[in-house]
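Novice: Those letters in the sequence shown? Residues 126 to 587, per my numbering, in order.
First the structure, which I've put down as structure tokens, then a few questions once you've had a look.
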Amino acid sequence: YCNQKLLILIIWFLHSPLRVAVTRGAFLASSASRPAPPPPRCESRRQSFASRAMSQVTDNQRTTTFSEFLASHESNQQQHVVLGNEAGDADSIISALSLAFVDSLYYNTLKTPIVSIPRQDLALRRESVLLLDLAGVNTSKLQYIDDKGVLDGVQEITLVDHNRLTLASCTLPDNFNVVEILDHHFDEQEHSHVQGDLRNVAFQDNHALVASTCTLIAERLFASDAAKPPYDFSLSISLLGVILLDTVNMKPEAGKGTARDQSAIDVLVQETDWSTLATSRNEHDLLDTDSEMIDTDKLFHLLSESKFNVDFWKSLSVKDTLRLDYKRFQVVNENAFGASSILLNLDLFLAKDNLIGDILSFMAQVNIPLLAVLSSQFQNNEPRRQLLLCGTDAKLVEQLAMYLLTSHEASMMQSEQVPLGITADESLAMKRFRQGNPKASRKQVAPILSSFYSSESSTYSS
126 YCNQKLLILI IWFLHSPLRV AVTRGAFLAS SASRPAPPPP RCESRRQSFA SRAMSQVTDN
186 QRTTTFSEFL ASHESNQQQH VVLGNEAGDA DSIISALSLA FVDSLYYNTL KTPIVSIPRQ
246 DLALRRESVL LLDLAGVNTS KLQYIDDKGV LDGVQEITLV DHNRLTLASC TLPDNFNVVE
306 ILDHHFDEQE HSHVQGDLRN VAFQDNHALV ASTCTLIAER LFASDAAKPP YDFSLSISLL
366 GVILLDTVNM KPEAGKGTAR DQSAIDVLVQ ETDWSTLATS RNEHDLLDTD SEMIDTDKLF
426 HLLSESKFNV DFWKSLSVKD TLRLDYKRFQ VVNENAFGAS SILLNLDLFL AKDNLIGDIL
486 SFMAQVNIPL LAVLSSQFQN NEPRRQLLLC GTDAKLVEQL AMYLLTSHEA SMMQSEQVPL
546 GITADESLAM KRFRQGNPKA SRKQVAPILS SFYSSESSTY SS
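Structure (structure tokens):
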């Protein structure tokens with residue numbers, strides 16, 4: 126009899142509003158030990174985000190939705206913009222859009238989001254296009270990095286999803302200043318004047334403390350007393366979709382998700398009004414019929430299938446494959462290298478037409494002597510990674526290959542050199558590796574490649 130009563134109480138709790146309150150309370154309690162969200166660069170930095178929001182945000186502002194806010198910024202030129210990294214993946218795009226929304230509405234710091242890739246390139250980011258469509262965002266109304274005059278008059282920049290401004294495709298005004306950073310990558314220590322709470326780089330001991338910058342934006346949203354739940358579904362589904370992608374749906378074997386990511390997922394799911402999705406944008410049947418909340422498994426699989434679509438990746442040219450998710454890294458003594466993440470088996474990539482010529486052309490276009498191609502795919506629902514080093518300097522490629530195989534710094538990758546699989550060409554030195562540790566993504570690999578240049582193994586450090 127006692128066991129029956131206990132079971133009834135448990136079932137009641139799981140289906141009651143009390144569970145939502147407990148989850149939100151647990152999130153806020155876990156947040157207490159972390160630094161408070163940084164105050165915006167403004168006249169009274171000492172004021173907290175929450176107190177400024179409560180005193181200055183109007184009731185009319187609070188009712189603006191995420192999609193409405195983005196549509197209203199089509200032609201506005203603002204002094205303070207938010208920029209993601211040059212690769213322009215879903216995390217960079219959505220975190221820039223959502224931070225501008227959260228800070229403008231709930232912290233009274235007007236910011237304009239800029240999509241950090243050319244307008245025509247958004248179509249290549251299939252999962253981002255799909256996610257923004259689910260959120261009801263008109264992507265033609267967004268501002269892109271190649272739009273004419275988009276950065277005219279900009280004085281302050283907030284960086285999201287990177288901590289070193291590397292946008293080579295645009296011209297920044299002379300008097301701009303990076304004033305804030307929200308990121309989860311290795312801190313390159315650029316923009317050293319940005320310190321304290323304004324420098325929120327969630328990366329420590331070669332590990333990201335969160336899997337997604339969108340988790341940091343969600344935490345800022347939850348910390349605002351002005352942003353009272355239920356949250357607007359268009360913002361929640363955008364943040365939630367990216368966090369699910371970046372954590373690989375919180376699968377333990379992927380080694381991506383953290384407790385902070387899980388807390389963000391829980392609060393977004395439970396404290397969002399999903400009725401708009403149910404009535405107007407649920408053609409993908411994303412809602413759980415029992416709870417009337419979004420089904421995170423369905424959302425993840427929908428976005429993941431779009432992102433990893435093999436036919437799409439096979440259809441791309443070599444140059445488009447490399448530039449789709451490309452980042453440049455500056456290292457010691459003006460050395461630089463590039464890293465392209467591709468969601469395609471290396472055998473399929475190496476089989477593309479005009480491979481060597483197009484790789485050389487791409488490297489010349491972005492002005493790098495070394496390119497790392499990081500291949501990621503799933504086999505039998507298990508993550509698999511391979512690495513391809515390409516260089517115009519055979520000595521550089523040889524030294525770096527030895528460093529990956531023998532150095533302590535690179536041991537976490539568990540690299541094993543494997544046959545290239547194609548006929549070598551004298552114009553381009555290439556080495557291929559299988560990564561025993563599938564958790565080592567570009568976040569971990571890029572710092573390792575950077576460390577090579579300052580190591581005793583390298584003749585490129587002096």
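Even for Gly, the Cβ is constructed at its ideal location relative to N, Cα and C.
Using a Cβ-Cβ cutoff of less than 8 Å, which residues in the same chain neighbour tyrosine 126 once the five nearest sequence positions on both sides are dropped?
Specialist: At tyrosine 126, the pLDDT of 49 sits below 50, so the modelled position is not reliable and the matter cannot be decided from this model.
Novice: Quick check on the burial criterion: 16 or more other C-beta atoms within 10 angstroms. Buried or exposed for histidine 533?
Specialist: Exposed, because fewer than 16 other Cβ atoms sit within 10 Å of the Cβ of histidine 533.
Novice: Given a threshold of 16 other Cβ atoms within 10 Å of its Cβ, counted over all protein chains shown, does leucine 545 qualify as buried or as exposed?
Specialist: When all chains shown are included, leucine 545 counts as exposed.
Novice: Considering only the alpha carbon of each residue, which of Leu412, Leu512, Ala336 and Glu523 lies closest to serine 220?
Specialist: Of the candidates Leu412, Leu512, Ala336 and Glu523, the one whose C-alpha sits nearest the C-alpha of serine 220 is Ala336.
Novice: Following a CB-centred definition, is leucine 334 positioned closer than 7 Å to any heavy atom of the ligand ADP?
Specialist: This structure simply doesn't include the ligand ADP, nor any ligand for that matter.
Novice: So the alpha helix (DSSP H) valine 522 belongs to, where does it begin and stop?
Specialist: Taken as a continuous stretch (DSSP letters only), the alpha helix (DSSP H) holding valine 522 covers 519-531.
Novice: Any contact of the stretch 448-463 with the stretch 392-403, i.e. 3+ C-beta pairs under 8 Å?
Specialist: Counting Cβ pairs under 8 Å, fewer than three are found: no touch.
Novice: Check whether the stretch 346-360 touches the stretch 319-329, counting contact only when three or more Cβ pairs, one atom from each stretch, lie closer than 8 Å.
Specialist: With the cut-off at 8 Å, the stretch 346-360 and the stretch 319-329 do not touch.
Novice: Would you kindly work out how many angstroms separate the C-alpha atoms of leucine 287 and threonine 548, rounded to a whole number?
Specialist: Checking the sequence shown, residue 287 turns out to be histidine, not leucine. The alpha-carbon atoms of histidine 287 and threonine 548 are separated by roughly 37 Å.
Novice: Distance, Cα to Cα, glutamate 523 vs leucine 495?
Specialist: Rounded to the nearest angstrom, the two C-alpha atoms are 11 Å apart.
Novice: For proline 160 and serine 192, what's the separation of their Cα atoms in angstroms?
Specialist: For proline 160, the pLDDT reaches just 44, beneath the cut-off of 50, and the residue's location in the model is therefore unreliable, leaving the point undetermined.
Novice: Give me the Cα-Cα distance between tyrosine 451 and alanine 464, rounded to the nearest whole angstrom.
Specialist: Whole-angstrom Cα-Cα distance: 6 Å.
Novice: Check for me: the beta strand (DSSP E) holding proline 238 runs from which residue to which?
Specialist: First-last of the beta strand (DSSP E) with proline 238: 237-239.
Novice: Measure from the alpha carbon of glycine 590 to the alpha carbon of each residue in Asn492, Glu507, Glu313 and Ser575, then state which is nearest.
Specialist: The question about residue 590 has no answer here: the residues shown for the chain are numbered 126 through 587.
Novice: Please name the residue or residues paired with glutamine 560 in a DSSP beta bridge.
Specialist: Note: glutamine 560 sits in a beta bridge opposite Arg510 and Ser540.
Novice: If you reduce the DSSP assignment to three classes, tell me which class serine 349 lands in.
Specialist: Serine 349 falls in the coil class under three-state DSSP.
Novice: Does the stretch 527-541 come close enough to the stretch 473-490 that 3 or more CB-CB pairs lie under 8 Å?
Specialist: With a cut-off of 8 Å, the stretch 527-541 and the stretch 473-490 do not count as touching, because too few Cβ pairs lie within range.
Novice: Beta-carbon within less than 8 Å of glycine 243's beta-carbon, same chain only, minus the 5 sequence neighbours each way: which residues are those?
Specialist: The amino acid at residue 243 is misidentified as glycine; the sequence shows proline. Answer for proline 243: Tyr269, Ile270, Asp271 and Ser294, listed in chain order.
Novice: Does DSSP classify tyrosine 269 as helix, strand or coil?
Specialist: Strand at tyrosine 269.
Novice: Let me confirm a value: proline 377 is counted as buried when at least 16 other C-beta atoms fall within 10 Å, else exposed. Which label applies?
Specialist: Proline 377 is exposed by the Cβ-count criterion.
Novice: Alpha carbon to alpha carbon, how far is leucine 267 from threonine 383?
Specialist: The straight-line gap from Cα to Cα measures roughly 31 Å.
Novice: At 3 residues or longer, and completely inside the stretch 214-254: list those beta strand (DSSP E) runs for me, N to C.
Specialist: DSSP runs (the beta strand (DSSP E)) wholly in the stretch 214-254: 237-239.
Novice: Can you tell me the Cα-Cα spacing of proline 572 and arginine 510, whole angstroms?
Specialist: Those two C-alpha atoms are separated by around 17 Å.
Novice: Starting from isoleucine 487, follow the alpha helix (DSSP H) in both directions and report where the run begins and ends.
Specialist: Before going further, note that residue 487 is phenylalanine rather than isoleucine in the sequence given. Residues 480-491.
Novice: Take the Cβ of asparagine 479 as the centre, count every other Cβ of all protein chains shown within 10 Å, and call the residue buried at 16 or more, exposed below.
Specialist: Classification for asparagine 479: exposed.
Novice: Aspartate 422: which of Met375, Lys444 and Val392 sits nearest, CA to CA?
Specialist: Closest by alpha carbon: Met375.
Novice: Buried or exposed, going by whether 16 or more other CB atoms sit within 10 Å of the CB of glutamine 320?
Specialist: Answer is exposed; the Cβ neighbour count stays below 16.
Novice: Let me confirm a value: proline 355 is counted as buried when at least 16 other C-beta atoms fall within 10 Å, else exposed. Which label applies?
Specialist: So proline 355 counts as exposed.
Novice: Just how far apart, CA to CA, sit aspartate 228 and serine 579?
Specialist: Their Cα atoms are separated by approximately 39 Å.
Novice: Spell out a yes or no on whether the stretch 246-261 and the stretch 224-238 are touching, meaning 3 or more CB-CB pairs, one atom from each, closer than 8 Å.
Specialist: At 8 Å Cβ cutoff, the stretches do not touch.
Novice: Identify the continuous alpha helix (DSSP H) that holds serine 192 and give its terminal residues.
Specialist: 191-197 is the span of the alpha helix (DSSP H), which, as asked, contains serine 192.
Novice: Suppose contacts are defined by Cβ-Cβ distances below 8 Å. Is glutamine 280 in contact with asparagine 300 by that definition?
Specialist: Closer than 8 Å, so yes.
Novice: Return the CA-CA distance between threonine 372 and serine 429, expressed in angstroms with no decimal places.
Specialist: Their Cα atoms are separated by approximately 11 Å.
Novice: Let me make sure I understand the geometry here. Which of Leu469, Arg559 and Val275 has the alpha-carbon closest to that of phenylalanine 437?
Specialist: The option with the nearest alpha carbon to phenylalanine 437 is Leu469.
Novice: Is DSSP giving leucine 131 helix, strand or coil here?
Specialist: Interpretation of leucine 131 is limited by its pLDDT of 49, a score under 50 that renders its predicted location unreliable; the figure taken from the coordinates is listed afterwards. Three-state DSSP puts leucine 131 in a helix.
Novice: Would you report the Cα separation of valine 304 and lysine 439, rounded to the nearest angstrom?
Specialist: Roughly 41 Å separates the two Cα atoms.
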